[in-house]
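Its first residue numbered 33, the sequence shown is counted upward by one per residue in the numbering used here. By construction, the Cβ of each residue, glycine as well, lies at the ideal position given by its N, Cα and C atoms. Given the structure is predicted, the values throughout are model-derived calculations rather than measurements. Report on the structure given below.
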Amino acid sequence: MPLWGIKYMDVDERWWIDLILQDHQPEIENVIVGSGIFCDGFNTTNARILARKASVEATDLAEWPTDSAVVLRPFGSSR
């Protein structure tokens, strides 16, 4: 089962990551705040959530896109 991650910024410009185990690409939750649209992590109810809103620095995981999910690797895979 793939391990998925997402890095996102909230309206207060704090950075977060979510990590989940799920067979298919997870949906992303977007929220409208004022005139802006912000990602609010994964929109999921049946996946195994490993981390939800784990705080990170803006420079951490700089190679991760901030608008889509990243598959990190299949769970149990050595590659």
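Return the bridge partner residues of D50 from the DSSP annotation.
Locating residue 50 in the sequence shown gives position 18, counting from the first residue. I38, per the DSSP bridge assignment.
To the nearest angstrom, report how far apart Y40 and M33 are at their CA atoms.
Sequence index remark: in the sequence shown, residue 40 carries index 8 (1-based). Sequence index remark: in the sequence shown, residue 33 carries index 1 (1-based). The alpha-carbon atoms of Y40 and M33 are separated by roughly 23 Å.
Do you know how far the Cα of A90 is from the Cα of I81?
As a first step, residue 81 must be located in the sequence shown, where it is residue number 49. As a first step, residue 90 must be located in the sequence shown, where it is residue number 58. Distance between the alpha carbons of I81 and A90: 22 Å.
Do you know offhand how far I86's Cα is from S100's?
Numbered from its first residue, the sequence shown carries residue 86 at position 54. Numbered from its first residue, the sequence shown carries residue 100 at position 68. Strictly speaking, residue 86 in this sequence is Ala, with Ile absent from that position. Rounded to whole angstroms, A86 to S100 spans 17 Å at the Cα level.
Would you say I69 lies against chain E (beta-carbon separation less than 9 Å)?
Protein chains in the displayed structure number just one, and chain E is not present.
Look at the Cβ atom of N62, then the Cβ atom of F74, and state whether they are nearer than 9 Å.
Looking up residue 62 in the sequence shown gives position 30. Looking up residue 74 in the sequence shown gives position 42. Contact flag unset, no.
When you compare each of W36, A94, E95 and V88 to I52 by their alpha carbons, which one comes out closest?
Looking up residue 52 in the sequence shown gives position 20. Selected option, being the one with the closest Cα: W36.
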